DNA sequence: CGCAAAGTTGAGCGTCCTCAAGCAGCGTGG
DNA sequence: CCACGCTGCTTGAGGACGCTCAACTTTGCG
């Protein structure tokens, strides 16, 4: 049981350091190791979804966990009073369905944003297999810890950054997330509408549009092709600097 | 291992306890059962802290988990650029230190807001004990699931409610949280300064003050005593209605 | 009693939202 | 093939909400 902790307790040294190649490698490796672990000890049902497909709906009984192996998902939470909130965007290596552990029911919808693949595993099966291979638990717990930490980071952005910086910070996060997974860190295919981004960022779609336009005008980003969904980030550091400038002036 | 799930998977079904009136009793019972479980199977170090005492600092190596048995804690996260964010307030039954599972280091500071008690357990010890009593894992996972869900709920408030409603929603959450734990649901001792509340809610301390004043003027809340920290909620439903009114008009 | 710290309240202003018009991409059908 | 309409995006003008700045009040503590 002790070995289970190696992954968890040693993973430590990592801090979000922009574009450090080693950090990138490490994340890629971590994900690959986790998937290998799952494949080795569990029966993983693999499923391919296309853009718009719903992996699960809120309210569905909990019992399965999913790991994204390719593509992207959005998580949408619905409040009793009808408010709808985009609460997360998930990439390769992220786990889906963790929120259902609270009360046995999924708390949100998970919808594919692109052609995606998930591996589905039973929660019970995971626990049973963990008796033999405790590292499985380590992987689950690390995923949950990342989920918690990531949401807090996000809350900080929403609470402390003005709209344009929030848009920039969002793109920065997206780019770094992709890069950490071995994908291109300088190019983003936004598969969310302006309205969805605005919902996620706590602003109107017009503000998102204005923010993106501002970034384009300052040559921090550039649109690719006709559509306004694919964009290029010539210099990630410049994007980061854009955010920091707003923080600094805001803290006065 | 299967039995471990009873708590998790059936907890959803609202345990049939017709005599006991509310979800309140259920939550109280759940917490008591969890604490009993921990005490029975683990060596829990009990520690009392006073207002201002730091339970742990960010960056400290992960290895221990804490369960609040009395009092209240705040969680403060510090960003690399100096921004400080209050990311949570924790009461009896809540777990502390879960965020450290992501990368082996605590991600935030935990500070007692009042005279409080925590039970501290080793993560390794928990895993080892879970081999005999799988319900321990169920408790841990449920706590993490609640953490994730709660943060998403909070994100929704911050993103979709105007300032005054956010203040009201915050008080409502606080009152309901207390009530669910068997404490008074109509009385709140805010042990946070206006500045801290503002930080948590993503607004300035002046806006918090104005929001509270507005609620007092409309007799939705009332201050108790000289200090502006203790307040009374004559009608929780009215507080809830105050929030909903803002949602409705905002959704136009 | 006096000082420091925290909270309240008001006035002015800036950011962001609202409303509205115009534009671009794209599928459909004449 | 282009007209057409639909949807989503952009941009502008005006206004409202919330922030800034500042004065004042209250509380708590030596």
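Protein chains in written order, with my numbering: chain H, 2 to 253; chain E, 2 to 253. Using N, Cα and C, we set each Cβ at its ideal position, and we do this for glycine too. Just so you know, these numbers come straight off a predicted model, no measurement behind them.
Do residue j and residue i come within 9 Å of each other at the CB atom, strictly closer than that value?
{"i": "residue 25 of chain E", "j": "residue 154 of chain E", "result": "no"}
{"i": "residue 59 of chain H", "j": "residue 87 of chain H", "result": "no"}
{"i": "residue 56 of chain H", "j": "residue 124 of chain H", "result": "no"}
{"i": "residue 230 of chain H", "j": "residue 185 of chain H", "result": "no"}
{"i": "residue 90 of chain H", "j": "residue 73 of chain H", "result": "yes"}
{"i": "residue 103 of chain H", "j": "residue 150 of chain E", "result": "yes"}
{"i": "residue 165 of chain H", "j": "residue 211 of chain H", "result": "yes"}
{"i": "residue 240 of chain H", "j": "residue 222 of chain H", "result": "yes"}
{"i": "residue 152 of chain H", "j": "residue 96 of chain H", "result": "no"}
{"i": "residue 122 of chain E", "j": "residue 39 of chain E", "result": "yes"}
{"i": "residue 243 of chain H", "j": "residue 169 of chain H", "result": "yes"}
{"i": "residue 237 of chain H", "j": "residue 187 of chain H", "result": "yes"}
{"i": "residue 114 of chain E", "j": "residue 128 of chain H", "result": "no"}
{"i": "residue 189 of chain E", "j": "residue 232 of chain E", "result": "yes"}
Given a threshold of 16 other Cβ atoms within 10 Å of its Cβ, counted over all protein chains shown, does residue i qualify as buried or as exposed?
{"i": "residue 235 of chain H", "result": "exposed"}
{"i": "residue 51 of chain H", "result": "exposed"}
{"i": "residue 226 of chain E", "result": "exposed"}
{"i": "residue 106 of chain E", "result": "buried"}
{"i": "residue 177 of chain H", "result": "buried"}
{"i": "residue 75 of chain E", "result": "buried"}
{"i": "residue 62 of chain E", "result": "exposed"}
{"i": "residue 203 of chain E", "result": "buried"}
{"i": "residue 108 of chain E", "result": "buried"}
{"i": "residue 143 of chain E", "result": "buried"}
{"i": "residue 130 of chain E", "result": "buried"}
{"i": "residue 33 of chain H", "result": "exposed"}
{"i": "residue 196 of chain E", "result": "exposed"}
{"i": "residue 136 of chain E", "result": "buried"}
Taking the straight line between their C-alpha atoms, what separation do you get for residue i and residue j?
{"i": "residue 194 of chain E", "j": "residue 175 of chain E", "result": "15 Å"}
{"i": "residue 247 of chain H", "j": "residue 220 of chain H", "result": "17 Å"}
{"i": "residue 209 of chain H", "j": "residue 199 of chain H", "result": "6 Å"}
{"i": "residue 31 of chain H", "j": "residue 43 of chain H", "result": "18 Å"}
{"i": "residue 28 of chain E", "j": "residue 47 of chain E", "result": "22 Å"}
{"i": "residue 132 of chain E", "j": "residue 141 of chain E", "result": "14 Å"}
{"i": "residue 83 of chain E", "j": "residue 173 of chain H", "result": "18 Å"}
{"i": "residue 249 of chain E", "j": "residue 167 of chain E", "result": "14 Å"}
{"i": "residue 182 of chain H", "j": "residue 71 of chain H", "result": "10 Å"}
{"i": "residue 215 of chain H", "j": "residue 134 of chain E", "result": "57 Å"}
{"i": "residue 1 of chain E", "j": "residue 171 of chain H", "result": "The structure shown does not extend to residue 1 of chain E, since chain E is modelled only from 2 through 253, so no value can be given for it."}
{"i": "residue 245 of chain H", "j": "residue 110 of chain E", "result": "23 Å"}
{"i": "residue 45 of chain H", "j": "residue 116 of chain H", "result": "19 Å"}
{"i": "residue 213 of chain E", "j": "residue 41 of chain E", "result": "44 Å"}
{"i": "residue 228 of chain E", "j": "residue 85 of chain E", "result": "26 Å"}
{"i": "residue 126 of chain E", "j": "residue 126 of chain H", "result": "22 Å"}
{"i": "residue 224 of chain H", "j": "residue 224 of chain E", "result": "54 Å"}
{"i": "residue 81 of chain H", "j": "residue 81 of chain E", "result": "36 Å"}
Quick one: measure Cβ to Cβ for residue i and residue j, integer angstroms, because I've assumed they're closer than 8 Å.
{"i": "residue 159 of chain H", "j": "residue 156 of chain E", "result": "7 Å"}
{"i": "residue 146 of chain H", "j": "residue 146 of chain E", "result": "Not quite, the Cβ-Cβ distance comes to about 13 Å (not below 8 Å), so this is no contact."}
{"i": "residue 69 of chain H", "j": "residue 98 of chain H", "result": "The Cβ separation is near 11 Å, so there is no contact."}
{"i": "residue 53 of chain E", "j": "residue 112 of chain E", "result": "7 Å"}
May I have a chain-ordered list of the beta strand (DSSP E) segments no shorter than 3 residues that lie completely inside the region 169 to 198 of chain E? Within the region 169 to 198 of chain E, the complete beta strand (DSSP E) runs of at least 3 residues are 188 to 190.
Pick out the complete beta strand (DSSP E) segments inside the region 30 to 80 of chain E, 3 residues or longer, and give them in chain order. With a minimum length of 3 residues, the continuous beta strand (DSSP E) runs that stay inside the region 30 to 80 of chain E are 46 to 50, 55 to 57, 65 to 71, 74 to 79.
Could you pull out every unbroken alpha helix (DSSP H) segment of at least 4 residues lying fully inside the region 96 to 137 of chain E, listed in chain order? As far as the region 96 to 137 of chain E is concerned, its whole alpha helix (DSSP H) runs of at least 4 residues are 124 to 133.
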